[in-house]
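Visitor: The structure that follows is given in the form of structure tokens.
Chains as they are written, first to last, in the numbering used here: chain A, 852 to 1142; chain B, 6 to 432.
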């Protein structure tokens, strides 16, 4: 017996059934594939950096260009209110989580069809494909965050306060939301061919629905007393991106955390993620047939 | 009693049939249909259960049990369900009905390239595949050199796999699968690609796997390799197991019932092929005078017997035989030039002509036999039956065929015993 064989885990049985086994045992099988997840994350990061002519520079340039154009249009021309902060900082603080969300979700819809060579030839939990995108996107988030800090400290001389610590709460909400939406979209896109085209449009709509380029306080200014209505607050909170964007803004620019929005957001996001996992697991059995 | 490594119970798989009117599913259309169904249900109660129409059953009620250390082959036509079976066993797609239990680590090698990512280099793909198969980075690092050496793609290991030839992909894929030491190995048609020397290395490696007590399910069209590798073979036809038993009997079953291999044919006088001068009555292939049953040992002779009736006296009837491989490439043609009958006018009557193809003469493979009866000057072909019969030859590798102790690849259709002579000149 070689040293290799001694290391092998005890022989396990694999059961293949039409339902794809129990959902709980599916989740339990995931840790065995962590090596593959690491590999896929590394691959996705490499693709982000290596596939363009500019390489790593593109990662920095994209948020920079977006920030400049949108600041010019909405800050200078449209004179969008920015809650007393310089519009560039105001925009960047909200754009930080949004660019992560839109980047990952945009790729997630094609994550299974784009890896057809793997999906139709070998088995591994297909959940790893959208999962790897969620993790690999953090690279861009770090780059954009660094960019924000540079602009904030060097150009505006604004240092974030102790409230920065609380950024972990909207960050967690961001991850849960992104994972939930990505898992749903990736599974739907395999079965329904129109989902991929629709997702690009959907992402754009979602950006205007969230207070990325406009401040949430605008709602109460324009809508008056209706905005204080708990129904409106509930609706805003149930769209988790609202809590994420507001949370990031307060953590980076100062101000109390919007706990009500975050709490409501966590309810929707968790439901989205959980239902996404269940749907994905059920759909996984047929994925190789439709790709 | 050996452990059961693979247990298949009542396995079925159906695919929706794509009719010209149905197109790809879209979310919008699905929503519309669901809404319509809901309305209908509200109005008229539950709809009738969906029927089998519009479904194609790739597999129907498959039962199979493979014990530890067994090497089992699966043979069948294209579309018989072989590949679907392997896809379900390797969990790429789910079954429609039934269940499968696999004991231990299972690795599969399906078609070209076991799931390579085209944009990644050969090196990265080795790590990717190993990670998919559940190996740790350290394990793979230890085996990396052996894998690369086995695959023979050292020079291209840092080139993206999309630039590989299909042969290189198969080689790399097999090299990874061959080095992960799975408990159960599934192999599908690897021998269809890759050069002959690599095929031999693969076969050897599979043989080593088999003899080291691993369980192998081998799917192939290449009957000689099936005969060499496995003692047990399953024949699939139209998604069902039609035979499960000893390999030679299975190949015989396949050849007779599915593969269109016929070792004998008879015609009744009314429908016999031919014209008003001569008609073919019967054909038979034997080996050493005995009816053949499955692949014939390459060392044994094969005899072809034609029985035919001549209706018009005075014609110099000339029987001939023509061998092709299953791709239609001619192997040889031969005419009867025995002086007793060649060019001689024959009286009417029933004749029997036998041609002997000697043993140790052909290479391994499958051969189709065509026969003809014709006359010369003026040339006339009375009977020509294209794919009349077929037979296959295999080498049991005992060491006394014309390959001697050489176990590598021997190309071509012929493998005759030549007169080799060596003299020591000096020293």
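Cβ coordinates follow ideal geometry from the N, Cα and C atoms, glycine included.
(1) Which chain B residues are close to residue 968 of chain A, counting only those with a beta carbon under 7 Å from its beta carbon?
(2) Can you list, in chain order, the residues of the region 126 to 150 of chain B whose Cβ is nearer than 7 Å to any Cβ on chain A?
(3) What residue range is occupied by the uninterrupted alpha helix (DSSP H) comprising residue 879 of chain A?
(4) Enumerate, from N- to C-terminal direction, the unbroken alpha helix (DSSP H) stretches of 4 or more residues contained entirely within the region 165 to 216 of chain B.
(5) Applying the 10 Å Cβ sphere with the 16-neighbour rule, what's the burial state of residue 1004 of chain A?
(6) Tell me which same chain residues have a C-beta within less than 8 Å of the C-beta of residue 256 of chain B, skipping the five on either side of it?
(7) So, with DSSP's three-state summary, where would you put residue 93 of chain B?
(8) Going by DSSP in three states, residue 426 of chain B sits in which element: helix, strand or coil?
(9) Taking residue 934 of chain A and residue 925 of chain A to be in contact with their CB atoms under 8 Å, please state how far apart those CB atoms are, rounded to whole angstroms.
(10) Starting from the beta carbon of residue 1137 of chain A, find every residue of chain B whose beta carbon is closer than 9 Å, and list them in chain order.
(11) Let me know the secondary structure DSSP gives residue 853 of chain A once reduced to three states.
(12) Go ahead and pull the three-state DSSP assignment for residue 273 of chain B.
(13) Judging by CA-CA distance, which residue of A/1100, A/1134, A/1046, A/1109 is the nearest neighbour of residue 34 of chain B?
(14) In the region 1020 to 1101 of chain A, which residue ranges form an unbroken beta strand (DSSP E) of at least 3 residues, counting only runs that do not cross its ends?
(15) Where does residue 1138 of chain A sit, in a helix, a strand or coil, going by DSSP?
(16) Using Cβ-Cβ distances below 8 Å, what residues of the region 381 to 408 of chain B are close to chain C?
(17) Specify the secondary structure class of residue 240 of chain B as computed by DSSP and reduced to three states.
(18) For the beta strand (DSSP E) containing residue 19 of chain B, name the first residue and the last one.
(19) For residue 380 of chain B, is the classification buried or exposed, using 16 other Cβ atoms within 10 angstroms of its Cβ as the cut-off for buried?
(20) Going by C-alpha distance, which of B/127, B/404, B/399 is nearest residue 252 of chain B?
(21) Quick check on residue 1000 of chain A: does DSSP put it in helix, strand or coil?
(22) In terms of alpha-carbon separation, which member of A/1103, A/1111, A/1070 lies closest to residue 1085 of chain A?
(23) How about residue 102 of chain B: is its C-beta nearer than 9 Å to some C-beta of chain A?
(24) Which partner residues of residue 313 of chain B appear in the DSSP bridge assignment?
(25) Taking residue 908 of chain A as part of the alpha helix (DSSP H), name the residues at either end of that continuous run.
(26) For residue 32 of chain B, return the contacting residues in chain A, with the cut-off set at a CB-CB distance below 7 Å.
(27) Let me know if residue 173 of chain B comes out buried or exposed under the rule of 16 or more other beta-carbons within 10 Å of its beta-carbon.
(28) Have a look at residue 314 of chain B and residue 308 of chain B and give me their C-alpha separation to the nearest angstrom.
(29) Assess, as a yes-or-no matter, whether the region 873 to 885 of chain A is touched by the region 6 to 23 of chain B under the definition of 3 or more beta carbon pairs within less than 8 Å.
(30) Is any beta-carbon of chain B found at less than 9 Å from that of residue 867 of chain A?
(31) Can you find a heavy atom of the ligand MN that lies under 8 Å from the Cβ of residue 315 of chain B?
(32) Taking C-alpha atoms, which residue in B/193, B/288, B/148, B/204 lies nearest to residue 186 of chain B?
(33) Between which two residues does the alpha helix (DSSP H) carrying residue 868 of chain A extend?
(34) Please list the partners that residue 95 of chain B has in chain A, where partner means a Cβ-to-Cβ separation under 8 Å.
(35) Please return the same chain residues whose Cβ sits closer than 7 Å to the Cβ of residue 401 of chain B, not counting the five positions on each side in sequence.
(36) For residue 68 of chain B, which of helix, strand or coil comes out of DSSP?
Guide: According to the structure data:
(1) As a position in the first chain, residue 968 of chain A is number 117, starting the count at 1. Going along chain B in sequence order, the residues near residue 968 of chain A (Cβ under 7 Å) are 120, 121, 122, 123.
(2) Under the 7 Å Cβ criterion, the region 126 to 150 of chain B contributes 132, 133, 136, 137, 139, 141, 142, 144.
(3) Indexing the first chain from 1 puts residue 879 of chain A at position 28. Going by DSSP, residue 879 of chain A is part of the alpha helix (DSSP H) stretching over 874 to 880.
(4) DSSP runs (the alpha helix (DSSP H)) wholly in the region 165 to 216 of chain B: 171 to 183, 201 to 216.
(5) To locate residue 1004 of chain A, count along the first chain from 1; it is residue 153. Residue 1004 of chain A is classed as exposed because its beta carbon has fewer than 16 other beta carbons within 10 Å across all chains shown.
(6) Within the second chain, numbered from 1, the residue matching residue 256 of chain B stands at position 251. Correct list, in chain order: 80, 228, 231, 232, 238, 299, 300, 397.
(7) The residue labelled residue 93 of chain B in the question sits at position 88 within the second chain. DSSP places residue 93 of chain B within a helical segment (H, G or I) once states are collapsed to three.
(8) The residue given as residue 426 of chain B occupies position 421 in the second chain. Residue 426 of chain B sits in coil when the DSSP states are folded into three classes, being neither helix nor strand.
(9) Here the question's residue 934 of chain A lines up with position 83 in the first chain. Here the question's residue 925 of chain A lines up with position 74 in the first chain. Rounded, the Cβ-Cβ distance is 14 Å, inconsistent with contact.
(10) Here residue 1137 of chain A is taken as the residue at index 286 of the first chain, counted from 1. Within 9 Å Cβ-Cβ: 98, 99.
(11) Counting from 1 along the first chain, the entry for residue 853 of chain A is found at position 2. For residue 853 of chain A, the pLDDT reaches just 39, beneath the cut-off of 50, and the residue's location in the model is therefore unreliable, although a value from the coordinates is still provided. DSSP, reduced to helix, strand and coil, places residue 853 of chain A outside both helices and strands of the structure shown, so it counts as coil.
(12) For the purposes of this step, residue 273 of chain B is taken as residue 268 along the second chain, with counting starting at 1. If DSSP states are grouped into helix, strand and coil, residue 273 of chain B belongs with coil.
(13) In the second chain, counting from the first residue as 1, residue 34 of chain B sits at position 29. Its Cα nearest to that of residue 34 of chain B, the residue A/1046 stands out among A/1100, A/1134, A/1046, A/1109.
(14) Unbroken beta strand (DSSP E) runs of no fewer than 3 residues, entirely contained in the region 1020 to 1101 of chain A, are not found.
(15) Taking the first chain and counting its residues from 1, one reaches residue 1138 of chain A at position 287. For residue 1138 of chain A, the secondary structure class from DSSP, reduced to helix, strand or coil, is helix.
(16) Any reference to chain C falls outside this structure, whose protein chains are A and B.
(17) Within the second chain, the letter at position 235 stands for residue 240 of chain B. Residue 240 of chain B: strand per DSSP, three-state reduction.
(18) Stepping through the second chain from its first residue, residue 19 of chain B is reached at position 14. Note, residue 19 of chain B: beta strand (DSSP E), 9 to 21.
(19) As a position in the second chain, residue 380 of chain B is number 375, starting the count at 1. Buried.
(20) Start at 1 with the first residue of the second chain, and residue 252 of chain B comes out as number 247. Among B/127, B/404, B/399, the Cα nearest to that of residue 252 of chain B belongs to B/399.
(21) Your numbering for residue 1000 of chain A matches position 149 in the first chain. If DSSP states are grouped into helix, strand and coil, residue 1000 of chain A belongs with the helices.
(22) Taking the first chain and counting its residues from 1, the one referred to as residue 1085 of chain A is at position 234. Comparing Cα positions, the closest option is A/1111.
(23) Along the second chain, read from residue 1 onward, the residue named residue 102 of chain B stands at position 97. Taking Cβ atoms only, chain A reaches closer than 9 Å to residue 102 of chain B, which makes this a yes.
(24) The residue you call residue 313 of chain B lines up with position 308 of the second chain. Under DSSP, residue 313 of chain B forms a beta bridge with B/285, B/356.
(25) Here residue 908 of chain A is taken as the residue at index 57 of the first chain, counted from 1. Where residue 908 of chain A is concerned, the enclosing alpha helix (DSSP H) stretches over 907 to 921.
(26) Numbered from 1 along the second chain, position 27 holds the residue referred to as residue 32 of chain B. Near residue 32 of chain B (Cβ distances below 7 Å), the residues of chain A are 1039, 1043, 1045, 1046.
(27) Counting from one through the second chain, the residue named residue 173 of chain B turns up at place 168. Buried, by the Cβ-count rule.
(28) As a working mapping, residue 314 of chain B is identified with position 309 in the second chain. As a working mapping, residue 308 of chain B is identified with position 303 in the second chain. Cα-Cα distance, rounded: 20 Å.
(29) In short, these stretches do not touch, since the Cβ pair count stays below three.
(30) Locating residue 867 of chain A in the first chain gives position 16, counting from the first residue. Interface with chain B (9 Å Cβ-Cβ cutoff): residue 867 of chain A is included.
(31) Here there are no bound small molecules, and the ligand MN is not part of this structure.
(32) Taking the second chain and counting its residues from 1, one reaches residue 186 of chain B at position 181. The shortest Cα separation from residue 186 of chain B among B/193, B/288, B/148, B/204 belongs to B/148.
(33) The residue you call residue 868 of chain A lines up with position 17 of the first chain. Premise fails: residue 868 of chain A is in no alpha helix (DSSP H) and is neither H nor E.
(34) Position 90 of the second chain, counting from 1, holds the residue named residue 95 of chain B. Neighbourhood of residue 95 of chain B in chain A, by CB distance below 8 Å: 973, 974, in chain order.
(35) Numbered from its first residue, the second chain carries residue 401 of chain B at position 396. Around residue 401 of chain B: 302.
(36) Taking the first residue of the second chain as 1, we reach residue 68 of chain B at position 63. Judged by DSSP in its simplified three-state form, residue 68 of chain B adopts strand.
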